[in-house]
Amino acid sequence: MHSVLLALLSVFVLYLLQTLLEFRRAIHSVGHLPGPRLLFNPAWFLGQVIRRALPPIRYVSRGPSWMLRKGYQDFAAAGKDAIALVNVLPTSKTTIFLADAAAIKEVTTSRARFPKPVHLYSVLSVFGSNIVASEGEEWKRYRTIVAPAFSERNTRLVWDETSRIMFDLFDNVWGDSPEIVLDHCVDITLPIALFVIGVAGFGRRVTWTSDLIIPPGHQMTFKDALHILSANLILKISLPKWAMNLTEHTRKINLAFTEMKKWWMPGEARRQKKSVTICLVDFWTRHSDDPDGGVAITEQELIGNTFIFLLAGHETTAHTLCFSFALLALYPDEQERLYQQIKGIMTELNGIPTYSDMNLFTLSLAVLYETLRMFPAAPSVPKHAAEDTSLTVDNADGGKTTFPVPSGTEVQLHLPALHYHPKYWKDPHTFRPERFLGEYPRDAFLPFSAGARACLGRRFFETESIAVITMMMSKYRVEIKEEPEFHW
Ligand code: HEM
Numbered sequence: 004m005h006s007v008l009l010a011l012l013s014v015f016v017l018y019l020l021q022t023l024l025e026f027r028r029a030i031h032s033v034g035h036l037p038g039p040r041l042l043f044n045p046a047w048f049l050g051q052v053i054r055r056a057l058p059p060i061r062y063v064s065r066g067p068s069w070m071l072r073k074g075y076q077d078f079a080a081a082g083k084d085a086i087a088l089v090n091v092l093p094t095s096k097t098t099i100f101l102a103d104a105a106a107i108k109e110v111t112t113s114r115a116r117f118p119k120p121v122h123l124y125s126v127l128s129v130f131g132s133n134i135v136a137s138e139g140e141e142w143k144r145y146r147t148i149v150a151p152a153f154s155e156r157n158t159r160l161v162w163d164e165t166s167r168i169m170f171d172l173f174d175n176v177w178g179d180s181p182e183i184v185l186d187h188c189v190d191i192t193l194p195i196a197l198f199v200i201g202v203a204g205f206g207r208r209v210t211w212t213s214d215l216i217i218p219p220g221h222q223m224t225f226k227d228a229l230h231i232l233s234a235n236l237i238l239k240i241s242l243p244k245w246a247m248n249l250t251e252h253t254r255k256i257n258l259a260f261t262e263m264k265k266w267w268m269p270g271e272a273r274r275q276k277k278s279v280t281i282c283l284v285d286f287w288t289r290h291s292d293d294p295d296g297g298v299a300i301t302e303q304e305l306i307g308n309t310f311i312f313l314l315a316g317h318e319t320t321a322h323t324l325c326f327s328f329a330l331l332a333l334y335p336d337e338q339e340r341l342y343q344q345i346k347g348i349m350t351e352l353n354g355i356p357t358y359s360d361m362n363l364f365t366l367s368l369a370v371l372y373e374t375l376r377m378f379p380a381a382p383s384v385p386k387h388a389a390e391d392t393s394l395t396v397d398n399a400d401g402g403k404t405t406f407p408v409p410s411g412t413e414v415q416l417h418l419p420a421l422h423y424h425p426k427y428w429k430d431p432h433t434f435r436p437e438r439f440l441g442e443y444p445r446d447a448f449l450p451f452s453a454g455a456r457a458c459l460g461r462r463f464f465e466t467e468s469i470a471v472i473t474m475m476m477s478k479y480r481v482e483i484k485e486e487p488e489f490h491w
């Protein structure tokens, strides 16, 4: 018995020694870059979704939204614009975070050397492989099919449809009320973004008050299915199939998903379409049932890609708009400046602005950019090294550090650190939209990523959001709701 225990203990000690040696080797492999060290990577056995919910625990977890909370702090402490997160277990999982504009540019423009680590996106492929979660030839095929959907003509339609949705809200929902009180501004920005993607993605015009009748062959209205699914996407993605049948709520989500799939189907998408505007589903379906053009897409890919447009196309926009309104409420002087510009232009136009007038609203776009600088909707962009290579970053003392990046190392573009870097941005913690009116450090502003894998929907977002901000601010002043619990 005694000798068995001794043998087990020896094995354990050997394992411990080997792990510590590997840990040291991992730190050495990235040139001893400073940065956080964790005992283990919680995502390793808890999964990405649960890891994100963990509170900050020393040597175990950095806590939810740690990148946004920390901004440039970790890099300032390290004295250089690259840090490495090294885990004791598993040591193979070393992540380098970058806050150096030039190094980031090198990574985003070297697609073969730093491709997208598609394994990190597996959660986004639950409905089928798609443009966001793919690489190489597969990604090229998707991009070739869908890029034309983002043409100038279709962007004009995004403006027109957004204006229609805003006026529908003002005229038929808010009416003459002098004051509108919302518990959370996402209650309004989420439906707006959903309605726009409903038209753009599915060719279905949804209004605030109509669409109440369930069409034949369906058990839910399009609006309800879209809303329920999008509000519960994370649940649908993270729970196993059997668990989705356990409660009434999860069964409703399942039903919404089945309903949406019906609209995603080629024939249905066409039959149900009421208004033909820009329809992303059309672009996919054209290639699914008519592959003569040479680029074909399967039904599973059609569903996967439509899902990704639904997700990419509305959550980011809705939350960015919400942050913009909150910042404008917190900075009334900036709000007044924006209002004066909008009022001036509208008086001169003597009518409702059209898509051709969009570029006049420079402050509306600046407000959106400043919001995305402070609260980037996707705080990090992951890449990985496809070969043994190296990168060079700036040090706080004016020097430079070149460090090795072994093949397989994860490299994360740390957007909050880049966006709050005092070298690129004066008073980075202050909301100052005017910084985007003149020249600004473009390589240090990366909310849409950059290079070949940059956001395909950037213009779509800008068009929709300029229309929303401009029309909202031309009619309403935004203030923070008085809530006694927030009085100190
Ligand atoms: C605030 C608004 C938005 C932000 C901040 C944003 C940000 C991003 C970022 C950072 C990426 C790169 C992701 C990665 O490398 O993993 C990306 C990719 C993408 N985005 Fe957006 N996005 C926004 C709005 C939209 C909209 C409105 C659409 C569509 C209607 C869209 C469609 C896409 C697509 C299709 C890709 C993948 C492009 C590719 O890999 O070829 N995005 N977006």
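Position in the sequence shown (first residue = 1) + 3 = my numbering.
Built from N, CA and C at the ideal position, the CB exists for glycine as well.
In terms of Cβ geometry, His-417 and Ser-367 do not form a close pair [threshold 8 angstroms].
Listed in chain order, the non-local C-beta contacts of Phe-406 below 7 angstroms within the same chain comprise Val-33, Gly-34, Leu-36, Ala-85, Ser-393 and Leu-394, local neighbours out to five positions each way being set aside. Fully enclosed alpha helix (DSSP H) runs of no fewer than 4 residues occupy 418 to 422 of the stretch 391 to 452, in order along the chain. Set against 7 angstroms, the gap from the CB of Thr-319 to the closest heavy atom of the ligand HEM is smaller.
Checking the 7 angstroms criterion, the Cβ of Gly-402 is out of range of every heavy atom belonging to the ligand HEM.
In this structure the stretch 311 to 318 does not touch the stretch 181 to 188; the number of beta carbon pairs closer than 8 angstroms is below three. Annotation: Glu-251 to Leu-232 spans about 14 angstroms, alpha carbon to alpha carbon. Between the alpha carbons of Tyr-62 and His-221 lies a distance of about 51 angstroms. Judged by DSSP secondary structure, Arg-159 falls outside any beta strand (DSSP E) and instead within the alpha helix (DSSP H) spanning 155 to 171.
Exclusion of the five residues before and after Ile-168 leaves Ile-195, Phe-198 and Val-199 as the residues of its chain whose Cβ lies within less than 7 angstroms of its Cβ. Secondary structure note for Ala-85: its beta strand (DSSP E) is the uninterrupted segment 85 to 92. Here Pro-487 carries a helix assignment [DSSP, helix/strand/coil]. DSSP places Ile-345 inside the alpha helix (DSSP H), whose first and last residues are 335 to 352. Under the criterion of beta carbons closer than 8 angstroms, Ile-472 and Ser-166 do not qualify as touching, at roughly 12 angstroms.
In this structure, the straight-line span from the alpha carbon of Thr-357 to that of Trp-162 is close to 8 angstroms.
Below 8 angstroms, too few C-beta pairs join the stretch 105 to 124 and the stretch 422 to 431 to call them touching: fewer than three. Scanning Ala-29, Val-16 and Phe-100 for the CA closest to the CA of Ala-420 turns up Phe-100. Val-129 has its alpha-carbon roughly 24 angstroms from the corresponding atom of Arg-461. The stretch 174 to 181 and the stretch 137 to 152 do not touch, with fewer than three beta-carbon pairs separated by less than 8 angstroms. The alpha-carbon separation between Ser-452 and Gln-338 amounts to approximately 28 angstroms. Here the distance from the Cβ of Gly-460 to the nearest heavy atom of the ligand HEM is below 7 angstroms. Your pair Asp-397 and Lys-108 does not check out as a contact, with CB atoms roughly 13 angstroms apart and the cut at 8 angstroms. When the beta-carbon positions are compared, Leu-41 and Leu-88 come within less than 8 angstroms of each other.
The three-state secondary structure of Ser-383, taken from DSSP, is strand. One thing to note: Leu-371 has its Cβ within 8 angstroms of the Cβ of Ser-327.
At the C-beta level, Phe-260 and Lys-239 come within 8 angstroms of one another. For Ile-134, the secondary structure class from DSSP, reduced to helix, strand or coil, is coil. If you draw a straight line from the Cα of Ala-29 to the Cα of Thr-404, it is about 18 angstroms long. Out of Glu-262, Met-475, Pro-219 and Leu-331, the CA that lies nearest to the CA of Leu-172 is found in Met-475. Excluding five sequence positions before and after Gly-74, the CB atoms of its chain that fall closer than 7 angstroms to its own CB belong to Pro-419, Ala-420 and Tyr-423, given in chain order. For the options Phe-378, Ala-457 and Val-16, the alpha carbon positioned closest to that of Thr-111 is the one of Ala-457.
For Asp-77, the number of other beta carbons within 10 angstroms of its own is at least 16, and it is reported as buried. DSSP, read as helix, strand or coil, puts Leu-127 in helix. In the displayed model, Arg-40 falls within a strand according to three-state DSSP.
Distance from the CA of Phe-378 to the CA of Val-14, rounded to the nearest whole angstrom, comes to 48 angstroms. Rounded to whole angstroms, Phe-170 and Leu-352 show a C-alpha spacing of 18 angstroms.
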